[in-house]
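In order, the protein sequence lines correspond to chains Z and Y.
Quick note on numbering: the working numbering labels position 131 of the first sequence as 131, and the sequence is numbered without any gaps.
Whatever position you read off the second sequence (first residue = 1), add 180 for the working numbering.
C-beta: ideal position from N, C-alpha, C; glycine also.
Accompanying notes for the structure given below.
There are 2 protein chains.
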Amino acid sequence: MHNSRLEAATALFIRRWGEMGASWGISRTMAEIHALLFLTTEPLCTDDIMERLQVSRGSASTNLRQLVNWGLIYRVHQRGDRKEYFEAEHDVWQMFEIITRERSRREVQPIVETIEKCLEMISQDGDAETTPRAEAARRRMAAMHDFFSTMNRLFNLMVKVGPRGLSPMTRAIEKLQRLA
Amino acid sequence: MHNSRLEAATALFIRRWGEMGASWGISRTMAEIHALLFLTTEPLCTDDIMERLQVSRGSASTNLRQLVNWGLIYRVHQRGDRKEYFEAEHDVWQMFEIITRERSRREVQPIVETIEKCLEMISQDGDAETTPRAEAARRRMAAMHDFFSTMNRLFNLMVKVGPRGLSPMTRAIEKLQRLA
DNA sequence: CAATAGTTTCAATGACGATTGAAAGATTCC
DNA sequence: GGAATCTTTCAATCGTCATTGAAACTATTG
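Below, the structure is given as structure tokens:
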């Protein structure tokens, strides 16, 4: 490997991807491993990753497992080799779907359920006089709930139309907007 | 205040909002303060927040400043009172716009710029023979770049149609999808 | 079945960001 | 101006979460 520009570009991308991950609540190393595998054509083994990213075996193992768990990378086996190799999901659209769906399931579902519970709790007071205070809180929680369900529907729609459809669709609506 | 169900619901919502924030890279306390102000009708002062959330004056001050910085809460003044009070942006849609725009500016713009830089770096090798390896990396980075710009356009569109428009629009497209 | 190769686990450690509280800095009031 | 009230700052501390590395575990090989 003597393609130094490619190496430099790869390193730069990996660093930034790691930083972005960190600020979105994903461990820097996990994001870096993901970036490395995303850019690399051939599958890599644990030792490759340890060397390229200078991390311990334990960390590599843990983070790889988590990435497999998310569905963002796959375990692959090389014929005639005992080692396990890893390969990333390379389709950006697929990645988006996976990440959004997982985060939704793990992190927004709980809050949606909580909101529902809260709404029940508040409206049980409704037998008595509803205080303005309670009514205001109820309305805001309801608005939040609506927001999440609209976003959820929109996401499902995006997944359905897919990347091929989304861009033209967006453009079409933009055009309609401009006319209106 | 004797509306115990409302209090319980509020506390529950705040706790969960804080947890969600934490897993999205926002400090738990900052998210909790935001939730408290979101649910409360009248503006609150620093001492109210310290008491309700059991945090120090320093922490309250810092987190409030950050929230003001994000544009998610406003400083308001009560006539005949020297204290500063805080009020949240109560419109959920507006909140979404603010959060998305800020996160985009702070956290996705840098990666987009990095991708552009990387693409340049790689294509400068293009004078020489482009290795398959470099070509694969280039293609993936380009796909990622496309993804971000599509998402950006979609976001602008959503903001333009607004909440009133989005839900019907989504439904309309869903219907078209079902027919196709 | 023992030896070898590879992977996972987990207690200890480390790094980093958040929080605290007291001191310094503003602002308003008389 | 200076006393009173409120806010911000920041060095020290605390808590949390990721990482380390060695030991335990699993799976292949001859």
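If you look at Ala211(Y), you'll find it isn't in any beta strand (DSSP E); it sits in the alpha helix (DSSP H) that goes 208-219. Taken atom to atom, the span from the alpha-carbon of Leu299(Y) to that of Arg286(Y) is near 21 Å. Going by beta carbons, Arg185(Y) and Ile111(Z) fall outside the 7 Å limit. Bounds of the beta strand (DSSP E) holding Arg75(Z) are 73-77. Asn69(Z) places its beta carbon 7 Å or farther from that of Ile33(Z).
For Ala316(Y), there is no enclosing beta strand (DSSP E); the enclosing alpha helix (DSSP H) covers residues 312-359. For Gly205(Y), the chain Z residues whose Cβ falls inside 7 Å of its Cβ are Ser23, Trp24, Gly25, in order along the chain. At a beta-carbon threshold of 8 Å, none of the residues of chain Z lie near Thr280(Y); the nearest stands roughly 11 Å away. Sorting Arg153(Z), Gly162(Z), Met141(Z) by C-alpha distance to the C-alpha of Leu192(Y) places Met141(Z) at the top.
Within chain Z, no residue has its beta carbon less than 8 Å from that of Pro223(Y); the closest one is some 13 Å off. Following the DSSP letters along the chain, one finds Glu264(Y) in no alpha helix (DSSP H) but inside the beta strand (DSSP E) bounded by residues 264-268. Taking a C-beta distance under 7 Å as the contact criterion, Ala35(Z) and Ile14(Z) qualify as a contact pair. Distance from the Cα of Arg178(Z) is smallest, within the candidate group Arg358(Y), Met349(Y), Lys340(Y), for Lys340(Y). The beta-bridge partner set that DSSP reports for Leu224(Y) consists of Phe266(Y). In terms of CA proximity to Arg164(Z), Asp91(Z) leads the group Phe147(Z), Ser104(Z), Arg138(Z), Asp91(Z). For Ser59(Z), same chain residues with a beta-carbon under 8 Å away, outside a window of 5 residues either side, are Thr29 in chain order. Chain Z places a beta carbon closer than 7 Å to that of Arg185(Y), counting this residue as a contact.
When DSSP states are grouped into helix, strand and coil, Val288(Y) belongs to the helix group.
Cα atoms of Gly251(Y) and Ile278(Y): separation of roughly 7 Å, rounded to the nearest angstrom. Around the Cβ of Leu356(Y), a 10 Å sphere holds fewer than 16 other Cβ atoms; the residue is exposed.
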